[in-house]
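Going down the list, the protein sequences come from chains G and P. Quick note on the numbering used here: the first sequence kicks off at 843 and runs consecutively. Quick note on the numbering used here: the second sequence kicks off at 843 and runs consecutively.
2 protein chains.
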Amino acid sequence: MTSGLCRVLALCAVAAIAGADEGMWLFNDPPVKLLREKYGFEPPAGWMGHLQRSSVRFNSGGSGSFVSAGGLVMTNHHVASECIQKLSTEGRDHLTIGFQARSRAEEGKCPDLELNVLAGIDDVTARMQAAVRPGMNPGDAEKARRGVMNTLEKESLDKTGLRSDVVTLYNGGRYHLYRYKKYTDVRLVFAPEKASAFFGGDPDNFEYPRYCLDIAFFRVYEDGRPASIRDFLKWSTGGAGEGELVFVSGHPGRTERMNTVAHLEFIRDRRNPYVLDLLRRREVLLRTFSERSAENARRAQDELFSYQNSRKAYLGMQAGLQHPAVMKKKRADEEALRAKVKMQAAQPDPWGQVEAALKAWETILVDRALLELRHGFDGDLFGIARGLVRLAAETPKPNPERLREYSEAALDSLKQQLFSEAPIYEDFETMKVADSLSMLMEKLGARHELVLKVLAGKSPRERAAELVRGSKLRDVAVRKRLAEGGLKAVETSPDPMIQLALAVDPASRAARKAYEERVEEPLRQAYARLANARFEVYGTALYPDATFTLRLSIGQVKGFQEGGKPVAWATTLGGAYARAQAQGNRDPFVLPPSWVEARGRLKLDTPFNFLSTNDSVGGNSGSPVVNRQGEFVGILFDGTLDSLVWDYIYSEDVARAISVHSAGILEALGTVYRAQALVAELTGAK
Amino acid sequence: MTSGLCRVLALCAVAAIAGADEGMWLFNDPPVKLLREKYGFEPPAGWMGHLQRSSVRFNSGGSGSFVSAGGLVMTNHHVASECIQKLSTEGRDHLTIGFQARSRAEEGKCPDLELNVLAGIDDVTARMQAAVRPGMNPGDAEKARRGVMNTLEKESLDKTGLRSDVVTLYNGGRYHLYRYKKYTDVRLVFAPEKASAFFGGDPDNFEYPRYCLDIAFFRVYEDGRPASIRDFLKWSTGGAGEGELVFVSGHPGRTERMNTVAHLEFIRDRRNPYVLDLLRRREVLLRTFSERSAENARRAQDELFSYQNSRKAYLGMQAGLQHPAVMKKKRADEEALRAKVKMQAAQPDPWGQVEAALKAWETILVDRALLELRHGFDGDLFGIARGLVRLAAETPKPNPERLREYSEAALDSLKQQLFSEAPIYEDFETMKVADSLSMLMEKLGARHELVLKVLAGKSPRERAAELVRGSKLRDVAVRKRLAEGGLKAVETSPDPMIQLALAVDPASRAARKAYEERVEEPLRQAYARLANARFEVYGTALYPDATFTLRLSIGQVKGFQEGGKPVAWATTLGGAYARAQAQGNRDPFVLPPSWVEARGRLKLDTPFNFLSTNDSVGGNSGSPVVNRQGEFVGILFDGTLDSLVWDYIYSEDVARAISVHSAGILEALGTVYRAQALVAELTGAK
């Protein structure tokens, strides 16, 4: 854990990245030259398109791929877990016992999952840039830009019927319109027990060696029948081999590699500490709730995992930014660019523009987080209440003027969330609301006008109990009636959560407006100029920072050196048993009964988890790993601790992506789970 | 948990506390009148003195009592746990397996435990107040006051040979000199398994019903032989009964009931949020460390418990301060006093003086916590290094000028800590140092001069590894040589921890000085005036806030009403089995094998834990509960969630202290643990 970022980043000696497997490449601008020169590989005609159409985005925050003509979608268990949690009940916890549909009829429909498949990309930079005229004040600029975004998406939706998103690339340097085929009838087919999928739990998370069957299968349906899929990945039964060239096609969520040094310092000194305090607060809260009973633990487990996962990731990212070698490299890069473009003298200096925006950000960081990001109003019910309040307020407005998530093109996806039948538990909800109100009181101050209004003379706990007990929003029919009733229905609703959301909305919108006008828009403008400067100096063969859109990364299956000793490229199925034994079979190192029972029958030397140099971050979870033939050889599920700094800077010295091996998956499915039908569907066997 | 402080405090209806069992009374000023009028009890001659001399203070932070002529001292398991942890090794974890000495020779000597028994009290208010002349600036006043404290203690030590502490009462209204007989050869005799002592773990902590055998026995030695004790508590085999008048004689650590409203708001808005963030940070850190292996868990468990315990306590305290009814009551009390004493017009207004001190405090709160309270420099080694550095710097100074903890009278106790043989584990230590350095960097800023100096161009993790690996201070002989070598030895030491402590010391001393002069001394002066105002208005029959000195509290054995239903005054031994079963025997509701085995033999209806109205807070843990005859009827170990607000305000409507019953203890010792010799020593049987 303390193995030294100096070594990770190879920054002690050489700072050169040339020739590395760095890059999250756009599918409409793949690294053709790099592939040819480093790997002698030229993707055959149709190779990219097929991989693109086989790749799936999980809008809940992850990646996946089609793996059969019958609509089978594979992703990670930890991407699927939100749906698995929602499909579970007090008597039947599918995260613990797993899930296996023995027939199509048994496949479990997720209440609010949307999958996207990228259909096409248009460059809309010109129209986007034209919207903002020089000299416009930031408020007008933000409004104009938002208007064009909403309009472009609506035009595209009307024309193609496809989900259409304008994506900001290079932090503002380019704008592309992404069109997706959308699946909203998504059913759970198979999931192993969490004890196998997340074997080693939090201690082993982001570490290696690993022994996780972090997989799950869904099936997409259309018109009530399994969708017929033309582009899906052929299964490689042999799977990835050491040294092999492999590709990861997925949706990295966010990187901040193009940020200026001042911006990274802001993240290190302001944003990350705030986020980490919040994550730890929530983790402790949910842990203590969980310990009170087995049913509490079941209710909280997926959300608790999510906080723990983020906490460990942020700690790794923060450790990166707190490493002087990282900042030194970033500073050197920035100075090199400054020297080359001589933009310091330009007015306004883009680096200075970024710094000014950060100064503004600092003053509104906490207010925006508490109000607009709802850190002060946790829980599903308030989220639903706000959605209904804003839906009523926004939909009467002309489309260009609406908040982004209430624009015409976004409404369908929004409503799927708003009308989800996912369970909401009163005790769990109350606890979350109470703690977040307590945090609101601490951060804004007990005498703050809004705090007084929100608490209405009660303590956070009393107020939370009253709000949750009094709200009828757990009933989806009530939500639908309010949505249909529009502004009048919402404003006259006696529901206390609706009334709270109404009361908070002006302050929350003000915080959002301040952020959009004083931070987001100035940053866009500054980064657009910095991106152009980079293109000028380094050419246009630069990939943009991650944006939770489809990217291709190239890499090699490869171990690394730790303390002078080699760490092998792959673990085996048998290694899981050894690890459990070495840990005395204590939680979270307890293999589930299915694995204990199957031990004698398993081919223990089958590869299980493996390492590769593929550039990837959170959001890439569930991405297919494919070989030159475009065959599925594994599924990415994690990165090593050393890779967490990839949010800010890539290096492949010791940092690695971690995937489940396609051979290990087949062996486990067939032998541990006796899922013969699934194996046949994957391999095309009869 | 959300049961409503309104009810707890009985503030919704009546605000009167008259006649309640409130009070942490001084042994030299007991509530004679209250006892006579409410309970018709007049302590017989010698009753108070016997109880005083039977009461024991654990300087590690708790209370206890003598329970045999042979030097047997009883306290809570969770007070003893620090010593139990230090006596454990990788193969032998006495927190898990318990501890039972079968002979005197097997009793385990604690490496650094000091016990105190109160021998006498002198009022030194006059000399203390005379030290500070009107018009003195705060710096001179603080220095003068410290000088007199150090001198008074030294005079007393020289005269009596007893440990002597000047105690500030009424936040500055009175000063008393406490003299203690001191025991430093303290050996562990018996401890149950943590699974029984802390049955129900964090979820049940501060809650009720409870089933905890939260006890442990030590024996004090003098000259290598068990001490012969004249004053010890006679064991009541019947124990406490419902409705009975009982007394708690112990050492409540800190209450803040006399604080002004502004001061309580400061605690609510500034101090508690800071402390809670720190506690959660440490809790998550130690939890994740613990999960990595069974041995890690063993190393971290006592410290982890301590953070969790504090976190739950602070959450309860904070919930109290966030309840409008509490602040309303406090405001009303303050306004009543103001109206009566008309001090608002006085110059300087004492309430205004408090506010001014709080303003100063706000600016130095974090700096002082990071540096002087070592939140930025966690771990044993840095603590030892600072101790050695300051010992070398302070001892050459005249006694009145020294920092309080290095004054002549304090040196022995200090050295016992400094030269403790308690184990220090490199990995555990490194992790703690790394995280605290990371916190230092976050809070002070990465470019802060001191941060740059402390990190020396490395990341927090690298620097921590280098410091811990490089330090020789784990060797007690090295510490002793440095202590003997004085300033020169320290300043020329190549030890990196010593060098770090030297480098940090100027800034740390500056933060301390700022706090002492700008916060502590002004608060003392203001509260002295407020105390006198209270004496004037309400008479002198007011108990002072808790100060971790011996206090007497009176109360009744009594259940309470919850949701209209009665909660019985006591649980039974049999209830523990029922609770374990209801929780599916999941951790932390798993009874240890000794209890499972003994079930058939136990008298299951024996009282186990019981409730009483005795005013108490943290520090009271381990206090004996005695009846009118002065017999031991139980040992206090906790308070209900509703009692956590007692830090700021007492009410007995539903809040209760929780104790282990003397009959349940005997039954468990004899039947579960077959500790016949111990039972005989307690009951005086042959």
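Idealized CB from N, CA, C, for every residue including glycine. Only a predicted model underlies this, so the values are computations on that prediction, with no experimental measurement involved.
Asked	Found
Going along chain P in order, which residues have a C-beta closer than 8 Å to the C-beta of A1037(G)?	The premise fails here: A1037(G) is roughly 15 Å from chain P at the closest Cβ pair, so nothing lies under 8 Å.
Using a cut-off of 8 Å between C-beta atoms, extract the partners of G1043(P) located in chain G.	E1133
Can the beta-carbon of R1316(G) be found closer than 8 Å to that of L1230(G)?	no
Can you pull out the residues from the segment 1283 to 1310 of chain P whose beta carbon lies closer than 9 Å to at least one beta carbon of chain G?	M1283, E1284, K1285, G1287, A1288, R1289, L1297, G1299, K1300, S1301, P1302, R1303, E1304, A1306, A1307
Between L1394(G) and R1005(G), what straight-line distance do the alpha-carbon atoms span, to the nearest angstrom?	21 Å
Counting only runs of 3+ residues fully inside the segment 1032 to 1065 of chain P, write out the beta strand (DSSP E) ranges in chain order.	1058 to 1064
Closer than 8 Å is the cut-off here; do at least three beta carbon pairs connect the segment 891 to 900 of chain P with the segment 1482 to 1490 of chain P?	no
Alpha carbon to alpha carbon, how far is E1363(G) from V1168(G)? Give it in angstroms, no decimals.	28 Å
The beta strand (DSSP E) with F1474(G) in it runs from where to where?	1474 to 1481
Taking the runs of the beta strand (DSSP E) that are 3 residues or longer, which of them lie wholly in the segment 868 to 939 of chain G?	897 to 900, 904 to 908, 914 to 917
So is D982(P) in contact with chain G if we call contact Cβ pairs under 8 Å?	no
Output needed for A983(G): all residues of its chain with C-beta closer than 7 Å, excluding positions within five of it in sequence on either side, in chain order.	V974, E1363
Give the interface partners of S1280(G) over in chain P, defined as CB-CB distance under 9 Å, in chain order.	L1157, Q1160, A1161, Q1164
State yes or no: is the beta carbon of Q1425(G) nearer than 8 Å to at least one beta carbon in chain P?	yes
Measuring only the C-alpha atoms, how far is T938(P) from E1035(P)?	5 Å
What runs of the alpha helix (DSSP H), each 4 residues or longer, lie entirely inside the segment 1187 to 1242 of chain G?	1192 to 1213, 1222 to 1236
Report the neighbours of P1338(P) on chain G: residues whose CB is nearer than 8 Å to its CB, in chain order.	What P1338(P) touches in chain G: nothing, since even the nearest Cβ is about 16 Å away.
With three or more C-beta pairs closer than 8 Å as the rule, is the segment 1495 to 1502 of chain G touching the segment 1099 to 1110 of chain G?	no
Using 8 Å as the limit for Cβ to Cβ distance, is D1119(G) near chain P?	yes
Would you mind reading off the limits of the alpha helix (DSSP H) that contains P1094(P)?	From DSSP, P1094(P) is part of no alpha helix (DSSP H); its letter is neither H nor E.
Whole angstroms is fine: what's the gap from V1028(P)'s alpha carbon to E1439(P)'s?	31 Å
By Cβ distance below 7 Å, which residues in the same chain neighbour T1513(G) in space, the five residues on each side in sequence not counted?	A1440, R1443, L1444
Between the C-alpha atoms of A1178(P) and E1247(G), what's the straight-line distance to the nearest angstrom?	54 Å
Tell me whether E1404(G) sits in a helix, a strand or coil according to DSSP, three-state version.	strand
Closer than 8 Å, CB to CB, is P1034(G) near chain P or not?	no
Is the segment 1015 to 1027 of chain P in contact with the segment 954 to 969 of chain P, if contact means three or more CB pairs nearer than 8 Å?	yes
Are the CB atoms of A1276(P) and P1302(P) within a distance shorter than 8 Å?	yes
In the DSSP assignment, the alpha helix (DSSP H) including D1560(P) goes from what residue to what residue?	The question about residue 1560(P) has no answer here: the residues shown for chain P are numbered 843 through 1528.
Which chain P residues sit within Cβ distance under 7 Å of R1428(G)?	A1136
Using a 10 Å radius around the Cβ and a threshold of 16 neighbouring Cβ atoms, would you call S1070(P) buried or exposed?	exposed
Mind listing the chain P neighbours of R1153(G)? Cutoff is C-beta to C-beta under 8 Å, in chain order.	V1126
Measure from the alpha carbon of R1311(P) to the alpha carbon of each residue in T1448(P), E1271(P), R946(P), E1145(P), then state which is nearest.	E1271(P)
Here's the rule I'm using: 16 or more other beta-carbon atoms within 10 Å means buried, otherwise exposed. How should T931(G) be labelled?	exposed
Can you give the Cα-Cα distance for K1171(P) and L1163(P), rounded to whole angstroms?	11 Å
Between the C-alpha atoms of A860(P) and T1413(P), what's the straight-line distance to the nearest angstrom?	Reliability fails at A860(P), whose pLDDT of 44 lies under 50, so the model's placement of it is uncertain and the value that follows must be treated cautiously. Approximately 30 Å between the Cα atoms of the pair.
Locate the beta strand (DSSP E) running through D1111(G), then write down its first and last residues.	Where D1111(G) is concerned, there is no enclosing beta strand (DSSP E), given that its DSSP letter is neither H nor E.
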